[in-house]
Each structure stands twice: as structure tokens, then as C-alpha cells.
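Peer 1:
Residue numbers (this note's numbering): 18 to 705.
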């Protein structure tokens, strides 16, 4: 008896199914085996005395005494090992599928139920996976987007899906168990492919399929471009993947051919090839056009540079000598003064026209060069006020410039900002009334920009005139006015503002004047240093009495320009002038005399001024001498080129006397401060 009891206990502990006994009268649990403990997550002691509905909640529905009567396994179920499906509840609250079979027994006059429980979670998951796989397989073989044809090892069709029916025009019933896919492919093409592989073709009714089968047996999912023949005899280019199907012993039991219609891809490839050809031809045309345009731009740039030089050269003589006569001694008579004033007025106006036309041409040809950097509006306003004040005073117009409590900096080209503001200020003065006012304000336009406004008290503009602003050569009906102008200035201003990422606009009411404004991108300025918040006044010209004489070499081939500089230098008792008519002669004189400063024209006979500068800079005897360019090449590109070449300063013709004298003073002072090195070189030259 004890042996039987021990055997039963061993069975209960080792069996993989959960086994639970409960009283039939109240449904309370009497025993629980280890498998049931693991299944539900309880210890046996926690379950004994609890109702079975703790583990299977549905037993408690509609009754106060849970019973397994309903779950008693039938004779048939017990014969095949099946029970009923219920939902179990683990200790952690998670539910899982169970299969339960219950049996009745009597012990000591009391009725009991024994429940055998099996966790069928894995089986359920497998069933779901099979269902999904079946659905996926069904979707694949019923898809109309590609053909799926499966054959046995002999090439007899076993599967012919909806996509194959649509693609080839056959119904599945017409081809199943009949013939091979070779009937749907071009046999000649397949045979040719097989021969390329040096295959021995068989004598079956489908040699083309044998070639495909041989290829498929060597690889997995090899893809071929084939030509299918439809039921109606038409041909269809297709891309077909051929895969050998194998059994567990790796023997081939069939083949799977998955094909896609290649018609659109082939057509697209042809169209793409044609398009590529057209694009190549267009690119050649565009490259040719670009080359021609670049050549034209280069020619235009060279023309503008040459034209600037040719126009400025005679103007230089006209304005230079007029200024010389005006400031000479003895002073000109009143009649002479009136004539000189007219010469100067016409000359400077002509220079302004040349500058505006050249600026507009440079902008429109894309040749304009800008140097964008932080620009202090306080400094620019100060300089503009100093430049424009004489014009305002001569017209009887008052100027009111804002004062800067907070420094403002914009991202712009400093020279071009001054050009724009001088143009707006000049117009505001020109078209104002006697006793009128020009007010300049500067304030934030937005968090990212600064707005500069120039307001006048003139006659104002009508809406029609406002609509025509910024059009080249449109003076808004001012052609008959006594005021000179071409209508180019505002156009140049707008193009410059656009190039710097800014905006320009105008507001006006007839009779109340105009407000022209520009907005430029705001940015933080450089680190400020003490004493630089306000622009410094220009230094007074140094006194020359008793000063040591310094030498100036002027290299210039134009007699009029040379005569003008001779007359200017003749007023200086501290400067001795030397001259040379070409670049090579200038180099020879510089090496022989070692002048303190050299004034160099750019367009010289023989070698250019830039080439002469290079030779002087490479010679240790002359490398220290500051060389100032004085040229009629006044386009910004020319000026930048000259400064990059190493000129100490770059002056343009026509000469402005004050600018010329100031630059000469700076160069002579620089030479004097570096005189020790110069003297050492001179001493070495004298020793030899």
C-alpha cells in the first residue's frame, strides 16, 4: 500500500500537466501538484481550501458552488486525449488558455472531482502563426501584381496564380497539370542562354525550361530577363526569379517562377536613355552658351574698365588743373572764378554720370564685388554728414542727423553704404526747398535689421511717380528741371541694397516731402576700445616749414597728369619730385635714387604699374618704399586688384586735391618712420 502511495506521489510530482482535486459539494481545492503550482504561480498551501474559481473564474458564473460537472471529459474525448478549453488566471493576474478534462471519484463516502489542466498557449500561438502564414500565402498567390508559377520537378505546372492569368491571358484551368512555363517563354532565347553556358540540351518538349531548371539548381532565386508569349501571341518582356524547391533531403521537387511585367521599365529605360541623350546635348549647348556668356562678360568687364580709364584720363586733367587754378596764387578774378566753377561743376557731374553708368553695368553683368562686414552706422553717418554738409549749406537746407546712444552695426559693404546714403541725401537736398530740412534717423526695423530713414521737406511725389521709382533713366518728369540727373542713382541704390540682403522703400505725400528708407541686416560689432565710440576728427595738415626734404618719384606717361602733379608738388617745400615716363625707367630710377615714396600709374607703356610694383617689391633695395597707385582704372574690381597686388594706397583719377595731399602726407610719414631701414640700405648702396 505504501509503495502504491509513493508511486502515485511520484507521478503527481513529475507529470507535466497540472492536477488538482476538489470537493464536489463546495468546489474547494483539496490537492495541488507541482505542475499546477508552476502553471498558476501559487504554492499549494495558498490554494488548498480556496474555491477552484480562483484559478478558473468562469466556474463562478451563475453559481455559489463551482463545479467541474460541465467539464467532465466524455468517453470520446478521453480516448483521444482532448478536454475543454477554458481561461486560466495566474497569481500575477495574467490570463492564459487552458485545456481541462475532469473526472469524478468517490472516496470515504464523499464525492470529488479531479481536474487535469494543460497550458495550450504555445499551441494557440502556433495556430495563429499558421493562419497568418496561410493568409500570407493566399495573398501572395492571389496577387495580381506579379505572376507566380510553381511546377514539379518535371516542369508540370502545379500553381498558376491570378497574376499569371492576368499577365499571360490563360486561365489556371487551362494550364494546371499540363505543360511547362517554357510555353510562355521564348524558346529560342532560352536555348541561346543555355548554349552560352555550354549546356547539353535535352530532348524534352521544353528544352528552354530545362535550361532554366539547370540554372535554378545552381543558385537561389536567380533573376532572368525573359520574353513571355501570351495566349494571343503577343510578346511580353518580363523579369523572372527562378528558385529550385527542395525536400528535407535536398532533392529538387519543383521550381517556383515569380515574374513581373517589364514593359514599363523597358519603356522607361528607353525614355530615360533618350532623355539622357537630350540632356547631354542640352548640357553641351548650355556649356557652350555659358562659355560665350562668360567671354561676353569678360569682354564687357574689360570694355568697362578701359572705358572708365579713357573717360577719366581727360577728366583728370580738366578737374585737376581747374582745382589748381582755383586754389593758386594769385587768386583768380571773379570772372575767372565763375568760369572755373562751371568747369568744376560740369566735370564733377560728368564724373558722377560715368560712375553711375559703370556701377549699373557692373551690377547687371554680375561683376560687382562686395566686401560684407560689420559696419558702424555712427561712423558712416559722421562721414556722410561731413561730405554732404557743403552741398546742403550751398542750397540753404538744414541737416539734422541722429545721434547714437546705442551703437548700431549692419552687415554690409562700407563703401557701398556710404554711396547709397550720399545718393539719398543728395536727392533730399536737391529736391528740397530753400530753408527746408533733411532729417536722418536710425532705429531697429525688426529684431534682425536696422532701418535708416532720410526725410526731406520738398514737394513730395504722387502715387504715379512712386510707382515709377527705381526704373533706369526715369527722372519722374524732371527732365525739364534745372536739376541735373540721369535717373540712374536710385536704381543703383536698389541693386546695391538687394545685393547686400537689404530692402529699400519710400513713403511720400504731395506737399509734405518724402521719406526714403533702407533696411540692412543687423549684427554685433567688433570689440569696442576706449575712445573709438565717436569718429575722430581728421588731423590738421602738418606744417612743412623747416622740414627735411623727402623725394617723390612719379611714374606716368601722360604729360597732362605729370604736369598736374608737378604743379601740386611745387606747392610743397618738403618734397622733391622725380619722374619717369614708363615702368622700366621708373624701376631704374627707383633703384638708383631710392625715393621715399613712389606714385605709380597702372597703364604704362612696356610693363604695367602692377608688374613694376612686383619687381620693386622683390628687390631688397626697394621693397621698403611705399608705392601709391594713381590710376584712371577706378572700377572696384580694379581697385581691389591693385590693393591685393600690394599698393600702399590706391587713388583714382580725376585727382581730388585734399585726398591727394592727405594720402601723400600719410605715405611720407610712413617713409619717415621707417627711415632707419631706408638709411641703412642707402648707406650700403653708397659703399658700393
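We treat Cβ as the ideally placed atom computed from N, Cα and C, and that holds for glycine.
Is it the case that the stretch 672 to 680 contacts the stretch 624 to 632, given that we only count it when at least three CB pairs across the two stretches are under 8 Å?
Peer 2: no
Peer 1: Tell me where the beta strand (DSSP E) around residue 600 begins and ends.
Peer 2: Looking at the DSSP string, residue 600 is not in any beta strand (DSSP E); the run it does join, the alpha helix (DSSP H), is 600 to 610.
Peer 1: With a threshold of 7 Å on Cβ separation, who are the neighbours of residue 264 within its own chain once the five nearest residues in sequence on each side are excluded?
Peer 2: So the qualifying residues of the chain are 270.
Peer 1: What's the call for residue 720, buried or exposed, on a 16-neighbour Cβ count within 10 Å?
Peer 2: A query on residue 720 cannot be resolved here, the shown segment of the chain reaching from 18 to 705 and no further.
Peer 1: Under 8 Å by Cβ, that's how I've got residue 465 and residue 538 pegged, so tell me the actual separation to the nearest angstrom.
Peer 2: 6 Å
Peer 1: Considering just the uninterrupted stretch of the alpha helix (DSSP H) at residue 432, what are its terminal residues?
Peer 2: 431 to 447
Peer 1: Taking DSSP's pairing of strands, which residues face residue 467 in a bridge?
Peer 2: For residue 467, the pairing in a beta bridge is given by DSSP as 461 and 537.
Peer 1: Hey, how far is the Cα of residue 356 from the Cα of residue 646?
Peer 2: Those two C-alpha atoms are separated by around 31 Å.
Peer 1: Relative to the C-alpha of residue 389, which candidate in 362, 431, 115 and 419 has its C-alpha closest?
Peer 2: Residue 389 has its Cα closest to that of 431, out of 362, 431, 115 and 419.
Peer 1: Put residue 666 into one of helix, strand or coil per three-state DSSP.
Peer 2: strand
Peer 1: Do the stretch 454 to 473 and the stretch 434 to 442 meet, that is, are 3 or more Cβ pairs less than 8 Å apart?
Peer 2: yes
Peer 1: Taking only runs of the beta strand (DSSP E) that begin and end inside the stretch 231 to 313, which ones reach a length of at least 3 residues, in chain order?
Peer 2: Segments of the beta strand (DSSP E) lying fully in the stretch 231 to 313: 239 to 246, 252 to 263 and 269 to 278.
Peer 1: Please state whether the Cβ-Cβ distance between residue 258 and residue 246 is less than 8 Å.
Peer 2: no
Peer 1: Please say whether residue 659 and residue 615 have beta carbons closer to each other than 8 Å?
Peer 2: no
Peer 1: Check whether the stretch 508 to 519 touches the stretch 406 to 424, taking contact to mean three or more Cβ pairs, one atom from each stretch, closer than 8 Å.
Peer 2: no
Peer 1: Can you give, in chain order, each stretch of the beta strand (DSSP E) that sits fully within the stretch 504 to 530 and has at least 3 residues?
Peer 2: 520 to 525
Peer 1: For residue 47, which of helix, strand or coil comes out of DSSP?
Peer 2: strand
Peer 1: So, is residue 66 buried or exposed, given that buried needs 16 or more other C-beta atoms within 10 angstroms?
Peer 2: Answer is exposed; the Cβ neighbour count stays below 16.
Peer 1: Determine the extent of the beta strand (DSSP E) in which residue 111 is found, giving its start and end residues.
Peer 2: No beta strand (DSSP E) contains residue 111, which DSSP labels as neither H nor E.
Peer 1: If I measure Cβ to Cβ from residue 428 and keep anything under 8 Å in the same chain, skipping five residues before and after, which residues do I get?
Peer 2: By the criterion of a C-beta distance shorter than 8 Å, residue 428 is surrounded in its chain by 389, 390, 391, 392, 517, 518, 537, 538, 539 and 540, once the five residues flanking it on both sides are discounted.
Peer 1: According to DSSP, is residue 352 helix, strand or coil?
Peer 2: helix
Peer 1: Looking at residue 341 and residue 595, is the spacing between their C-beta atoms short of 8 Å?
Peer 2: no
Peer 1: Can you tell me which of the three DSSP states residue 52 falls into?
Peer 2: helix
Peer 1: What is the rounded straight-line gap between the Cα of residue 260 and the Cα of residue 173?
Peer 2: 15 Å
Peer 1: What would DSSP say about residue 426, mapped onto helix, strand or coil?
Peer 2: strand
Peer 1: Please report whether the beta-carbon of residue 588 lies at a distance below 8 Å from any beta-carbon of chain D.
Peer 2: The displayed structure is made up of one protein chain only, and chain D is not part of it.
Peer 1: Roughly how many angstroms separate the alpha carbons of residue 104 and residue 126, rounded to a whole number?
Peer 2: 32 Å
Peer 1: Looking only at its own chain, which residues have a Cβ that is under 7 Å from the Cβ of residue 75, when we skip the five neighbours before and after it?
Peer 2: 103 and 104
Peer 1: With respect to the beta strand (DSSP E) encompassing residue 647, which residues constitute its N-terminal and C-terminal limits?
Peer 2: Residue 647 -> beta strand (DSSP E) spans 644 to 648.
Peer 1: I need the boundaries of the alpha helix (DSSP H) containing residue 691, first residue and last residue.
Peer 2: First-last for residue 691: undefined, no H or E at that position.
Peer 1: If contact is defined by three or more beta carbon pairs under 8 Å, each pair taking one atom from either stretch, is the stretch 568 to 581 in contact with the stretch 592 to 611?
Peer 2: Judged by Cβ distances under 8 Å, the stretch 592 to 611 makes contact with the stretch 568 to 581, as three or more pairs qualify.
Peer 1: Return the Cβ separation of residue 474 and residue 447 in integer angstroms, given the expectation that the two are a contact with Cβ distance under 8 Å.
Peer 2: Their Cβ separation, rounded to whole angstroms, is 13 Å, which puts residue 474 and residue 447 out of contact at 8 Å.
Peer 1: Could you pull the start and end residues of the alpha helix (DSSP H) that residue 482 belongs to?
Peer 2: Residue 482 -> alpha helix (DSSP H) spans 480 to 484.
Peer 1: Report the rounded CA-to-CA distance for residue 121 versus residue 131, giving the unit in angstroms.
Peer 2: 6 Å
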